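In order, the protein sequence lines correspond to chains P and C. No gaps in the numbering here: position 113 of the first sequence is 114 in the numbering used here, and each next residue is one more. No gaps in the numbering here: position 561 of the second sequence is 562 in the numbering used here, and each next residue is one more. Structure first, commentary second.
There are 2 protein chains.
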Amino acid sequence: MNTEDKNNIDEAGEVGLVHPQIFEYKKEFRMTHGVLASFQLYYETYGTLNKGGTNAILICHALTGDHHVAGVHEGATRKGWWNHAVGPGKAIDTDNFFVVCSNCLGACQGSTGPTSINPKTQKPYGMLFPDLTIKDMVVAQKLLLDHLKISSLYSVAGGSMGGMQALQWVIEFPKFVQRAMIIAATPQHSAQTIAFNEVGRTSIKGDPKWNNGNYTHDSRPEMGLAVARMMAHITYLSDEAMEEKFGRNQMKLSVEEEEQQFAVESYLHHQGLRFVDRFDANTYLKLTKALDHFDLVGENGLEHTLKNVEAKVMVVGFTTDWLYTPAQNKMIAEALQKLSKHASYLEIDHPHGHDSFLIQSDNFLRLIKLFLKGADQDEIARQEIKKSRYAITRADVKKEADLKVIGDWVKPNEKVLDLGCGRGILLENLRETKNVNGLGVDYDCDKATACISRGVAVYQGDIRKALSMLPDNCFDWVVFSRMVEELPEPGQVILDALRVGRRVAVSFVNHGYWENRLYFSQYGSKINNDVYRENWEKSDPRNHFSIKEFEDFCLAPESQKIPFQIGRKVFHRGNWKTTCKWLPNLRAGLAIYELVRL
Amino acid sequence: MNTEDKNNIDEAGEVGLVHPQIFEYKKEFRMTHGVLASFQLYYETYGTLNKGGTNAILICHALTGDHHVAGVHEGATRKGWWNHAVGPGKAIDTDNFFVVCSNCLGACQGSTGPTSINPKTQKPYGMLFPDLTIKDMVVAQKLLLDHLKISSLYSVAGGSMGGMQALQWVIEFPKFVQRAMIIAATPQHSAQTIAFNEVGRTSIKGDPKWNNGNYTHDSRPEMGLAVARMMAHITYLSDEAMEEKFGRNQMKLSVEEEEQQFAVESYLHHQGLRFVDRFDANTYLKLTKALDHFDLVGENGLEHTLKNVEAKVMVVGFTTDWLYTPAQNKMIAEALQKLSKHASYLEIDHPHGHDSFLIQSDNFLRLIKLFLKGADQDEIARQEIKKSRYAITRADVKKEADLKVIGDWVKPNEKVLDLGCGRGILLENLRETKNVNGLGVDYDCDKATACISRGVAVYQGDIRKALSMLPDNCFDWVVFSRMVEELPEPGQVILDALRVGRRVAVSFVNHGYWENRLYFSQYGSKINNDVYRENWEKSDPRNHFSIKEFEDFCLAPESQKIPFQIGRKVFHRGNWKTTCKWLPNLRAGLAIYELVRL
Chain P
2 MNTEDKNNID EAGEVGLVHP QIFEYKKEFR MTHGVLASFQ LYYETYGTLN
52 KGGTNAILIC HALTGDHHVA GVHEGATRKG WWNHAVGPGK AIDTDNFFVV
102 CSNCLGACQG STGPTSINPK TQKPYGMLFP DLTIKDMVVA QKLLLDHLKI
152 SSLYSVAGGS MGGMQALQWV IEFPKFVQRA MIIAATPQHS AQTIAFNEVG
202 RTSIKGDPKW NNGNYTHDSR PEMGLAVARM MAHITYLSDE AMEEKFGRNQ
252 MKLSVEEEEQ QFAVESYLHH QGLRFVDRFD ANTYLKLTKA LDHFDLVGEN
302 GLEHTLKNVE AKVMVVGFTT DWLYTPAQNK MIAEALQKLS KHASYLEIDH
352 PHGHDSFLIQ SDNFLRLIKL FLKGADQDEI ARQEIKKSRY AITRADVKKE
402 ADLKVIGDWV KPNEKVLDLG CGRGILLENL RETKNVNGLG VDYDCDKATA
452 CISRGVAVYQ GDIRKALSML PDNCFDWVVF SRMVEELPEP GQVILDALRV
502 GRRVAVSFVN HGYWENRLYF SQYGSKINND VYRENWEKSD PRNHFSIKEF
552 EDFCLAPESQ KIPFQIGRKV FHRGNWKTTC KWLPNLRAGL AIYELVRL
Chain C
2 MNTEDKNNID EAGEVGLVHP QIFEYKKEFR MTHGVLASFQ LYYETYGTLN
52 KGGTNAILIC HALTGDHHVA GVHEGATRKG WWNHAVGPGK AIDTDNFFVV
102 CSNCLGACQG STGPTSINPK TQKPYGMLFP DLTIKDMVVA QKLLLDHLKI
152 SSLYSVAGGS MGGMQALQWV IEFPKFVQRA MIIAATPQHS AQTIAFNEVG
202 RTSIKGDPKW NNGNYTHDSR PEMGLAVARM MAHITYLSDE AMEEKFGRNQ
252 MKLSVEEEEQ QFAVESYLHH QGLRFVDRFD ANTYLKLTKA LDHFDLVGEN
302 GLEHTLKNVE AKVMVVGFTT DWLYTPAQNK MIAEALQKLS KHASYLEIDH
352 PHGHDSFLIQ SDNFLRLIKL FLKGADQDEI ARQEIKKSRY AITRADVKKE
402 ADLKVIGDWV KPNEKVLDLG CGRGILLENL RETKNVNGLG VDYDCDKATA
452 CISRGVAVYQ GDIRKALSML PDNCFDWVVF SRMVEELPEP GQVILDALRV
502 GRRVAVSFVN HGYWENRLYF SQYGSKINND VYRENWEKSD PRNHFSIKEF
552 EDFCLAPESQ KIPFQIGRKV FHRGNWKTTC KWLPNLRAGL AIYELVRL
């Protein structure tokens, strides 16, 4: 190692020099579709396990990844594949956590797989290696963690195939895992993904050198594997990212040749060639089959599969990921949320497609850090809240007026769905004071991230979609804190909330307030104040309504398709502090209603 | 042919039995990258050419398509690939039009290409066939049309590679082509599309049987070609369509074998195998290279390439097409619109991805028919308007109030951009009465289709995006007819309109109308009438404003970044008929303003 490398690994925030280790399991290991007489796993660890064995984080790698997550190997310069995320003071902080990653069972970077020697034949297993499953990988990892004396996992984390392993972990060992970060994953492969994999497999098997899997190191199906990798590589990147990186740039193939090649063509060939050097064709066949057959939905549905999960789960999708789309990631969180588990869904706006999880991104790293910190409310979390683009304004102070009232209505241990939850203040407060189990919904990624920093489960997305996916009667309360005005056809949304929750709390600005009326009758214009902050030309469209209009809606026969009645109601005057008893439609600035399903 | 087939082809609406014909061009033909001593094209025609030779429609086929568009061949049962679109009484009506389609130059279904005999060597050209371009295909087609005594093309039409040919046609022969339908196409391949093609080519060239292109019929690179086709086939379908068609369904490979296969895998293998029977590997290499190198943007930009276009162009994208995306299709229409050409963009909501253009779809076929009919206003067009989900209501009658005023302001031969153009009534009227060249913008596909039926050029999409793509000062008028209320931050949109047009006409409901004020001051609620039709709970959010608020905005220093003044203004009373002179902010129901950039 030269001096520069030495400096490199000693610098602050780096785990430094690391050595792969070998775990040998010398007993028979029953896989889903076969038996191994024994197996081994290559793995690395970073940080120190605490005495209780409770500060471990397991990282699971993707299809073609390996155990080398962080730091550098002796004599090498390449850092681990998640080096920017794992290290002292980094998002996964090795000063606090003991981090483990193993090359998964069936892979080809040191763990037992198709390239290993089959004790029966004394030749490599090749295609005789049992058909793998994601569950096999997870069960083998558990044996490693037992060997390392880890008593429970503080968290498991992984992207892509690693995310599927993380998901399998919380199903297989629900009491062992406290948290799970499932990133850019899916509960099952779509037909399109299976199709892409099958084209790759056809290319490998169509290469004459594949020879039914019985190739030697000197005559491997390199062309078939390279084509498979080239194609798969396209699915890892977004259209936008490729366009930005390559566009239609051309390059000369060589000085002698006149032929031009697009830069993207050259890049793909390079990817294909590099891959065949480090990967094995039979392993690729086995691993892609394991992915295609991974199916947590099956005949009984995802909720059935996830019913025993106890971990706090955060699912993260990337906007431009078209391999494991945001919608597929969301399915996982939604199923857990339907089961009233502590589960969040966040969507990071990142241009790099599926591979975004491998690329350094401040928003993503902050999210990981905040999720691992949980509700610690440390300095970072506070900074987080300050950084949020919704700064504290007079209107934000006003906001707490309705949250106090609604918070008082909720009883201990009830379940609360907060639609338009913002930074999660209500739900955090209810958890701290009343042990309330809550779920927030907000469209904004910054706000959803602030919820994570408060340890509040959050669904980043559209309120109407969140409501429509939730089953009947799965919450005690559904809260709309001053956000009904933003919705198209809001009446239907309120009725849907009454399906999902027994009680619905709606707070709104009473548009019928006397000052508004006076101003409008005089000038014909909307008043301009704390509540109506912008002139029409700078406003987003709104559905303003009054107390009278709200009650008319509640009492209309059409609204009573789901029978409900108005319960408690609280009116505040224009200052949003003093309550107001009589003539509320004229005198109240803020109205808070409880609707109770009958 | 058996009786059933005979019946089949004689049925109403079918072109019946057809025979491919051969056009031989016996002179030297200069291609972009080489010379052919002669060439031939296989082609078919349907319908009859009129005496002037002016009723011909040329159809251009896609990458792996051919000249057999409609009807059946002797002894065959398979109908042409666009049989549902072409025939007597069909969207492309062979009772009125003479329809021509040729297998393109360089293809392998009878036209001269890599499988043809090279007169110099007396062997197939193979890879020695000159590198093809889309332009070569079009120039060869023109020689065929000259041979057929076609004096001008009523229309050219094509999807995918056919759309690129149609686009090349209006560039290459601007005076020869009156109309062009460019469907699911792109002005240039993206890096991602080039990448997919390059993987396919690598698979073919990696097949040892390819032998640098010197294969014989008995030993063709079938495996390489099949893999290329399988992969490409995935890009022709949408994720949703594949999911719906196959999902994760499994099937047994054979009774003997225990192995299961996903249905989508089996389907893809079938596609790959069928393809190698009918297609040639070298041809695939040459055609995909022609596509990758097709680039109408180049160094000087798409507008430069399209500057001489005279045809009326309709570009059609499909929502789920991820190969040639709606955005890529829109680029073509936008460039033409920036040049003030008669060009429309429509987006059909179809689930089948890129291949949607090959699949029977009523909306799409209606659009083709209406575009070809133009402004004929025949029975179908009238039905079209009736069918539109925006039926004639009292509010629609009211609508004409502002259109009459704005129509009067526009002078003959001016250029008008109508934002939120609805069914194109204003622009049709201005074209008929004042020879006005107009472009409508509307988000709604039904309304945009109604514009096509009126012969009005339309951009289906977001008003703000349409405005932002248009260059400064490219219209005399920009019209907002009662739609500003629907926009977020509408002030900025109006200012952008003043950049694009010298004059802006804005009509709006005066929210300060006395009845509104009286009602609101009394009840605190929005009045319910013709203008405010729905209660809050069924409304979309709106930015209502008054005459005073509008004028305040116009006069604000911030608005005057683009200096403009208020020109003419017309106020109508509550009935929207009688004009109103004094106290408009109180007495006017409708306001129409002219803003003039200084």
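Where a beta carbon is used, it is the ideal one built from N, C-alpha and C, also for glycine. Predicted model, so just to flag it, every value in this text is computed and none were measured.
C-alpha of Tyr26 of chain C to C-alpha of Asp208 of chain P: approximately 42 angstroms in a straight line. As the crow flies, the alpha-carbon of Asn97 of chain C is around 15 angstroms from that of Arg180 of chain C. Per the Cβ contact rule, the region 167 to 182 of chain C is not in contact with the region 63 to 81 of chain C (fewer than 3 Cβ pairs under 8 angstroms). Chain-order list of chain P residues neighbouring Ile235 of chain C: Gln193, Ala196, Phe197, Val200, by C-beta distance under 8 angstroms. Taking the Cα positions, Val265 of chain C is about 8 angstroms away from Arg249 of chain C.
CA-to-CA, the gap between Glu300 of chain P and Ile333 of chain P works out to about 16 angstroms. Here Glu45 of chain C is bridged, per DSSP, to C:Cys102. Residue contact with chain P for Glu487 of chain C: present (Cβ-Cβ distance below 8 angstroms to some residue of chain P). Excluding five sequence positions before and after Phe358 of chain P, the CB atoms of its chain that fall closer than 6 angstroms to its own CB belong to Gly160, Ile184, Ala185, given in chain order. With respect to the C-alpha of Ser153 of chain P, the residue from P:Phe295, P:Val228, P:Gln189, P:Lys52 having the closest C-alpha is P:Lys52. Sequence-distant partners of His34 of chain C (beyond 5 residues in either direction) whose C-beta falls short of 6 angstroms from its own C-beta, in its chain, are Pro131, Asp132.
Below the 8 angstroms Cβ cutoff, chain P contributes Ile195, Ala196, Glu199 as neighbours of Glu266 of chain C, in chain order. By the CB criterion at 8 angstroms, Tyr268 of chain P and Ala229 of chain P fall outside the cutoff.
The straight-line gap separating the alpha-carbon atoms of Gln523 of chain C and Lys527 of chain P is approximately 16 angstroms.
Look at the region 116 to 143 of chain C and you find no whole run of alpha helix (DSSP H) that is 4 residues long or longer. Contact note: Asn586 of chain C reaches chain P through Gly525, using a C-beta cutoff of 7 angstroms and chain order. Inclusion of Leu427 of chain C and Ile407 of chain C in the CB contact set at 8 angstroms is warranted, their separation being smaller than that value. Excluding its 5 nearest sequence neighbours in each direction, Gly273 of chain P has C-beta neighbours in its own chain below 6 angstroms: Ala227, Arg230, Met231, listed in chain order. Assigned with DSSP and collapsed to three states, Ile453 of chain C falls in helix. DSSP, read as helix, strand or coil, puts Tyr444 of chain C in coil.
Judged by their CB atoms, Ile60 of chain C and Val100 of chain C are nearer to each other than the 8 angstroms cut-off. Residue-level contact by beta carbon holds for His512 of chain P and chain C, with a gap shorter than 8 angstroms. At least one CB atom of chain P sits nearer than 8 angstroms to the CB of Val228 of chain C. Collapsing the DSSP output to three states places Gly88 of chain C in a strand.
For Leu324 of chain C, same chain residues with a beta-carbon under 6 angstroms away, outside a window of 5 residues either side, are Thr236, His355 in chain order. When the beta-carbon positions are compared, Asp293 of chain P and Cys446 of chain P stay at least 8 angstroms from each other. Within the same chain, and ignoring the five residues on either side of Val459 of chain P in sequence, the residues whose Cβ sits closer than 6 angstroms to its Cβ are Ser345, Gly441, Ala449, Cys452.
In the DSSP assignment, Leu420 of chain P falls within the beta strand (DSSP E) that extends over 416 to 420.
By the neighbour-count criterion, in which a residue is buried when 16 or more other Cβ atoms sit within 10 angstroms of its Cβ, Ser482 of chain C is buried. For Ser547 of chain C, the nearest beta carbon of chain P is closer than 8 angstroms to its own beta carbon. Counting only unbroken stretches of 4 or more residues, the alpha helix (DSSP H) elements lying wholly within the region 506 to 562 of chain C are 515 to 524, 548 to 556, in sequence order. One Cα belongs to Phe197 of chain C, the other to Asn511 of chain P, and the distance between them is close to 57 angstroms. Residue-level contact by beta carbon fails for Thr65 of chain C and chain P, as no gap is shorter than 8 angstroms. Taking C-beta atoms as the reference points, Gly502 of chain C and Leu556 of chain C fail to come closer than 8 angstroms. At a cut-off of 8 angstroms between beta carbons, Thr203 of chain P contacts chain C. In this structure Met138 of chain P is buried. Its beta-carbon is surrounded by 16 or more other beta-carbon atoms within 10 angstroms.
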